[in-house]
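The sequence shown begins at 1 in full-length UniProt numbering and counts up by one. C-beta atoms are modelled at their ideal positions from N, C-alpha and C, and glycine is treated no differently. Predicted model only: the values in this text are computed from it and were never measured. For reference, the structure is listed below as structure tokens.
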Amino acid sequence: MQTQRLDPSPAAIAHAAELLRRGELVAFPTETVYGLGGHALNETAVAAIFTAKGRPASDPLIVHLADAGELPIVAAATPPLATQLAAAFWPGPLTLILPRHPRVPLAVTAGRETVAVRVPAHPVAHALLVAAGVPVAAPSANRFGHTSPTTAGHVLADLAGRIAAVIDGGATPIGIESTVLDCTTTPPTLLRPGGISLEALEAVIGPVQVRTRPTAGEQHGLASPGLLDRHYAPDHELWLFSGPPAAALVRLRTEAEAALRAGLRVGVLLPDDDLALMRDLPVEIESLGPANDPATMAHRLYAALRALDSRQPDRMLARDLDDAGLGRAIRDRLRRAAARVVEV
Ligand code: TXA
Ligand code: MG
Numbered sequence: 001m002q003t004q005r006l007d008p009s010p011a012a013i014a015h016a017a018e019l020l021r022r023g024e025l026v027a028f029p030t031e032t033v034y035g036l037g038g039h040a041l042n043e044t045a046v047a048a049i050f051t052a053k054g055r056p057a058s059d060p061l062i063v064h065l066a067d068a069g070e071l072p073i074v075a076a077a078t079p080p081l082a083t084q085l086a087a088a089f090w091p092g093p094l095t096l097i098l099p100r101h102p103r104v105p106l107a108v109t110a111g112r113e114t115v116a117v118r119v120p121a122h123p124v125a126h127a128l129l130v131a132a133g134v135p136v137a138a139p140s141a142n143r144f145g146h147t148s149p150t151t152a153g154h155v156l157a158d159l160a161g162r163i164a165a166v167i168d169g170g171a172t173p174i175g176i177e178s179t180v181l182d183c184t185t186t187p188p189t190l191l192r193p194g195g196i197s198l199e200a201l202e203a204v205i206g207p208v209q210v211r212t213r214p215t216a217g218e219q220h221g222l223a224s225p226g227l228l229d230r231h232y233a234p235d236h237e238l239w240l241f242s243g244p245p246a247a248a249l250v251r252l253r254t255e256a257e258a259a260l261r262a263g264l265r266v267g268v269l270l271p272d273d274d275l276a277l278m279r280d281l282p283v284e285i286e287s288l289g290p291a292n293d294p295a296t297m298a299h300r301l302y303a304a305l306r307a308l309d310s311r312q313p314d315r316m317l318a319r320d321l322d323d324a325g326l327g328r329a330i331r332d333r334l335r336r337a338a339a340r341v342v343e344v
């Protein structure tokens, strides 16, 4: 199969919508990352999503809607709290877990009686969903376990020849995935930190319980690979240095020097503020942006990780961030991408 690269013109979007209605797979930009879309109520299309991604059938998909008013199509009930959240954050980077409507195939929800739903804010995603007129199941448009795509080029690097088309809408603005909140528990449970911060959620609905892994303090000393739930993984190993920023950075530099002495090629992924300490070393550098600007760091994170990875370093080194705002989501992704977490 030849994957078509489409521009985001109305004619191309109409064509992509027709492909979706026919059960073909189309990748499209959202405000978070690119999604790998398929008709959510068509079992064959849903099965094809899992095949194209190489994703285990046990990992459920998010259903995307054009408008919150379509919720009753896929959710059997909408608790008042979900209505409040939808009003506050949709369209936007928030995914709500709700009771599944029986018309949503169990393949979408991996056999669960709950369904994940989101109304994306990106104009191309919105136009596509309106034109398709059907709910669209879409995981991130990467091979399973790999770094999520924030450009059409990233999508093609992973999925060319495996999907009908990708709509090129440029780099995605937020750059990390949506926040996933389970609204079927009391209080609701944060399952994945993302584009909407925990603080923003709690300002609207009060206390939220956090059940994401890994969390601060979970790993001590040199964590062994395999303890971490690895996702978003680059091809070359990433070591993450966690702890007070200054101490973590000093330790990172020490490890960089040791690796260089051992003849390894070293890449570093750091906030701009940290780069001065690395400039004299012959290492590959990707900067994330100002340390006090998590939005910019989130926007650049996956592209920087892919760019560094493509330079074939034997080892990549990064510093952990703090949990405030979007920092929680960036930190979660760095930890899941890391082969090793060094607590300083
Ligand atoms: O920003 C995003 O959410 C992107 C864009 C394309 O919308 N999508 C995305 O999908 O990141 P994916 O499949 O890579 O991640 C979906 C997450 C997974 O962690 C999955 O386990 C969780 O949502 N999820 C989906 N349905 C669920 C359910 N019924 N219960 C609990 N978790 C669920
Ligand atoms: Mg994903």
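Contact with chain D by residue i, beta-carbon distance below 8 Å
i      : result
Ala-14 : Reference to chain D is not applicable here, since this structure consists of a single protein chain.
Straight-line gap, residue i to residue j (C-alpha atoms, nearest Å)
i       : j       : result
Arg-22  : Ala-276 : 53 Å
Thr-83  : Gly-35  : 24 Å
Ser-242 : Arg-331 : 10 Å
Asp-309 : Leu-301 : 12 Å
Gly-177 : Ala-12  : The amino acid occupying residue 177 in the given sequence is Glu; Gly does not appear at that position. Straight-line Cα distance between these residues: approximately 25 Å.
Ala-76  : Pro-102 : 8 Å
Arg-261 : Pro-282 : 11 Å
Ala-110 : Pro-294 : 33 Å
Residue j beta carbon less than 8 Å from that of residue i
i       : j       : result
Ile-62  : Ala-138 : yes
Val-136 : His-236 : no
Ala-40  : Phe-50  : no
Thr-184 : Pro-99  : yes
Leu-264 : Ala-318 : no
Leu-238 : Met-316 : yes
Pro-193 : Arg-328 : yes
His-154 : Arg-306 : yes
Ala-304 : Leu-269 : yes
As assigned by DSSP and simplified to three states, the class of residue i
i       : result
Tyr-232 : coil
Phe-144 : coil
Met-316 : strand
Ala-248 : helix
Val-344 : coil
Leu-201 : helix
Asp-7   : coil
Gln-84  : helix
Ser-242 : strand
Pro-72  : helix
With 16 other Cβ atoms within 10 Å as the buried cut-off, status of residue i
i       : result
Ala-257 : In the sequence as displayed, the identity of residue 257 is Glu instead of Ala. Its Cβ having fewer than 16 others within 10 Å, Glu-257 is exposed.
Pro-60  : buried
Ala-248 : buried
Asp-320 : buried
Asp-67  : exposed
Gly-226 : At Gly-226 the pLDDT is 35, less than 50, meaning the model places this residue with poor confidence and gives no usable figure here.
Asn-292 : exposed
Met-297 : buried
Ala-52  : buried
Start and end residues, alpha helix (DSSP H) containing residue i
i       : result
Val-283 : Premise fails: Val-283 is in no alpha helix (DSSP H) and is neither H nor E.
Thr-189 : Looking at the DSSP string, Thr-189 is not in any alpha helix (DSSP H); the run it does join, the beta strand (DSSP E), is 189-192.
His-126 : 123-132
Arg-335 : 327-337
Gly-153 : 152-159
Asp-59  : Looking at the DSSP string, Asp-59 is not in any alpha helix (DSSP H), and its letter there is neither H nor E.
Span of the beta strand (DSSP E) around residue i
i       : result
Thr-95  : 94-99
Ala-165 : 165-167
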